[in-house]
Amino acid sequence: MDAVNPTPEQLQKVLADTPKDQPVVMLNLLRFRDRANYKEEAPERTGREAYTLYMEEAAACVRSVGAEVIWSGRSVGSLIAPPDESWDQVLLVRYPSIDAFMAMIESPEYKGVVKHRTAALQDSRLVANLENRV
């Protein structure tokens, strides 16, 4: 099943299960559409081009909550995964807390640019992770 945006139920579960006082690293696994699929009129773009535009426009939203992209790269293949599962790009974003992440996705500025992400992606995973404290 392809998934692009979280459901309200998924958001509530992660909010309830994640400590509020720890940084959260979001693992993004991304598969792009061949052609971006906007709901409204938009210039012709590939999915990757639409996602690049999303990253450029969302950068201020990320910084405004104290978050940062800590790694981004193209996926070259999975060693352990179902045979039909593949990803085009992997992205790690560190947020100061789960509340900072929620503040970002609920901001009017972010809601104005997320259309590029939605148009760009055929499938994705967004996994919240806590860093180990040794």
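Using full-length UniProt numbering, read the sequence shown as starting at 1 and increasing by one per residue.
Quick reminder that beta carbons are idealized off the backbone N, C-alpha and C, glycines included.
Coil, strand or helix - residue i by DSSP
i, result
"residue 124", "strand"
"residue 95", "strand"
"residue 105", "helix"
"residue 85", "coil"
"residue 44", "coil"
"residue 4", "coil"
Neighbourhood of residue i by C-beta, 7 Å cutoff - its chain only, sequence neighbours within 5 removed
i, result
"residue 5", "118"
Anticipated Cβ contact below 8 Å, residue i with residue j, distance rounded
i, j, result
"residue 98", "residue 128", "7 Å"
"residue 28", "residue 113", "At roughly 15 Å, the Cβ-Cβ gap does not stay under 8 Å, so residue 28 and residue 113 are not in contact."
"residue 33", "residue 122", "5 Å"
"residue 67", "residue 100", "6 Å"
Where residue i falls, given that 16 or more other Cβ within 10 Å makes a residue buried
i, result
"residue 24", "buried"
"residue 125", "exposed"
"residue 47", "buried"
Nearest to residue i (by Cα), restricted to the options the options
i, options, result
"residue 102", "90, 121 and 64", "64"
"residue 40", "22, 55, 115 and 110", "115"
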